[in-house]
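Peer 1: Residue 692 is where the sequence shown starts when you use the numbering used here, and the numbers rise one by one after that.
Cβ atoms here follow ideal geometry from the backbone N, Cα and C, with glycine treated the same way.
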Amino acid sequence: MIRIKVPATSANLAVGYDCMGMAVNLYNTFEFSPSDVLRINGCPKDFQNEDNLVYRAFLKGCQNLDQEVPKVAIQIKSDIPVSRGLGSSATCIVAGIVAAYVWFHVPVNHKDVLKLANEMEGHPDNVAPAIFGGLCMSFVQDGEIELINYPINQDYRFVAIIPNFKVSTEAARSILPHELSYADVTYQVSHSLLLVNALASGELNKLKIALQDKMQEPYRQKLIKNYVEVKKICDKINCAMYISGSGSTLMGIADSDEKQKLMIKKITEHLPAWRVEPVQVENQGVKIEVL
Ligand code: HSE
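#1: Between the stretch 827-839 and the stretch 719-733, do three or more beta carbon pairs fall short of 8 Å?
#2: Is any heavy atom in the ligand HSE found nearer than 7 Å to the beta carbon of Gln907?
#3: So does Gly936 have its beta carbon nearer than 7 Å to some heavy atom of the ligand HSE?
#4: Closer than 7 Å to a non-hydrogen atom of the ligand HSE - does that hold for the CB of Ala874?
#5: Quick one, which of Gln845, Leu867, Ile934 has its alpha-carbon nearest Glu892's?
#6: Which same chain residues, not among the five before or five after Ser774, have their C-beta less than 7 Å away from its C-beta?
#7: Helix, strand or coil: how does DSSP classify Thr959 here?
#8: Pair every Cβ in the stretch 815-823 with every Cβ in the stretch 755-767, then say whether three or more of these pairs are closer than 8 Å.
#9: If the criterion is Cβ atoms closer than 8 Å, does the pair Thr1048 and Lys696 meet it?
#10: Three or more beta-carbon pairs under 8 Å between the stretch 784-794 and the stretch 733-750, yes or no?
#11: Among the candidates Leu838, Met711, Ala790, Ile944, whose CA atom is the shortest distance from the CA of Gly778?
#12: Where do the N-terminal and C-terminal ends of the beta strand (DSSP E) with Ser769 fall, by residue?
#13: Would the beta-carbon of Ala714 be found less than 7 Å away from any heavy atom of the ligand HSE?
#14: Would a C-beta distance cut-off of 8 Å place Lys1012 and Ala945 closer than the cut-off?
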């Protein structure tokens with residue numbers, strides 16, 4: 692049996708739209724074993740068929756390796772909520788492709804996996820950290836993926852603020868305007884450079900400035916009920932916050948254990964139905980076990 696464990700990812704980090712993403716320590720686990728027919732368990736009945744994203748990714752992996760697609764049983768164990776901006780679909784894509792490599796005893800080439808996964812996902816910001824771990828900046832140049840890992844200061848403390856409702860990526864993308872002015876492009880470039888710097892240096896006040904996005908958060912916050920209140924709570928205790936991926940999760944950032952605990956307490960008191968929990972940057976990326 693092949694077991695693939697893939698971390699959740701928090702994409703965009705505000706001004707890093709479609710190119711930045713960070714892996715965090717929530718996981719989906721996928722087990723692949725030989726079977727007489729295709730079997731998929733651990734997801735809703737509607738997805739237990741050939742259209743399943745994990746299976747489609749497995750198929751893509753097999754085709755890329757010029758191998759006939761074997762009959763497989765896939766068992767999914769998921770701790771990453773769906774349609775919450777934590778890269779749940781990226782975990783399915785990465786697991787399926789990686790499983791194909793392992794199935795056919797081909798050494799896993801992470802860069803090739805990234806290329807294939809990006810073809811399926813459409814943008815590499817979730818799939819790159821799911822594969823490589825840490826904070827990744829990636830984009831496609833002349834058909835090839837450029838990837839850079841950036842450091843995150845160990846003093847930062849993250850809180851996943853996960854609402855009890857979904858936001859579809861499609862809705863969150865269609866709400867965005869089609870154009871940006873030159874002035875706003877300059878604003879975004881300067882703030883994304885500051886973002887990389889502030890994430891490395893641990894200077895929360897700089898990070899709070901860097902996370903003031905003009906490209907997507909002002910539009911998407913309308914899709915996240917209680918966004919304004921959560922932002923106010925974070926501001927009041929001098930913590931940073933951004934929309935994780937296309938939402939609905941909000942990612943809080945503190946610079947001490949005390950402030951992290953206070954953030955969790957205040958938001959949980961205000962929104963008891965939400966899942967509010969500490970998360971850490973996960974630096975390993977996809978993990979493979981053959982049992
Ligand atoms: N960068 C993507 C977006 C992440 O914000 O739409 C979700 O797939």
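Peer 2: Considering the structure as presented:
#1: no
#2: The sequence position of residue 907 within the sequence shown is 216, counting from 1. Checking every heavy atom of the ligand HSE against the Cβ of Gln907, one is found closer than 7 Å.
#3: Taking the sequence shown and counting its residues from 1, one reaches residue 936 at position 245. Using a cutoff of 7 Å, the CB of Gly936 counts as near the ligand HSE, since one of the ligand's heavy atoms is closer than that.
#4: Start at 1 with the first residue of the sequence shown, and residue 874 comes out as number 183. Every heavy atom of the ligand HSE is 7 Å or more from the Cβ of Ala874, so no.
#5: As a working mapping, residue 892 is identified with position 201 in the sequence shown. In the sequence as displayed, the identity of residue 892 is Ser instead of Glu. Per the Cα distances, Gln845.
#6: Residue mapping note: residue 774 aligns to position 83 of the sequence shown, counting from 1. Result list for Ser774: Lys857, Val858, Ser859, in chain order.
#7: The count along the sequence shown starts at 1 and reaches residue 959 at position 268. DSSP, read as helix, strand or coil, puts Thr959 in helix.
#8: Here the stretch 815-823 does not lie against the stretch 755-767, with fewer than 3 beta-carbon pairs under 8 Å apart.
#9: Given that the chain is displayed from residue 692 to residue 982, the structure contains no residue 1048 and the question cannot be resolved.
#10: Enough Cβ pairs lie closer than 8 Å, so yes.
#11: Mapped onto the sequence shown, residue 778 falls at position 87. Comparing Cα positions, the closest option is Met711.
#12: Taking the first residue of the sequence shown as 1, we reach residue 769 at position 78. First-last of the beta strand (DSSP E) with Ser769: 763-769.
#13: Taking the first residue of the sequence shown as position 1, residue 714 is located at position 23. No, the ligand HSE has no heavy atom inside 7 Å of this Cβ.
#14: Lying outside 692 to 982, the shown extent of the chain, residue 1012 is not represented and no answer is given.
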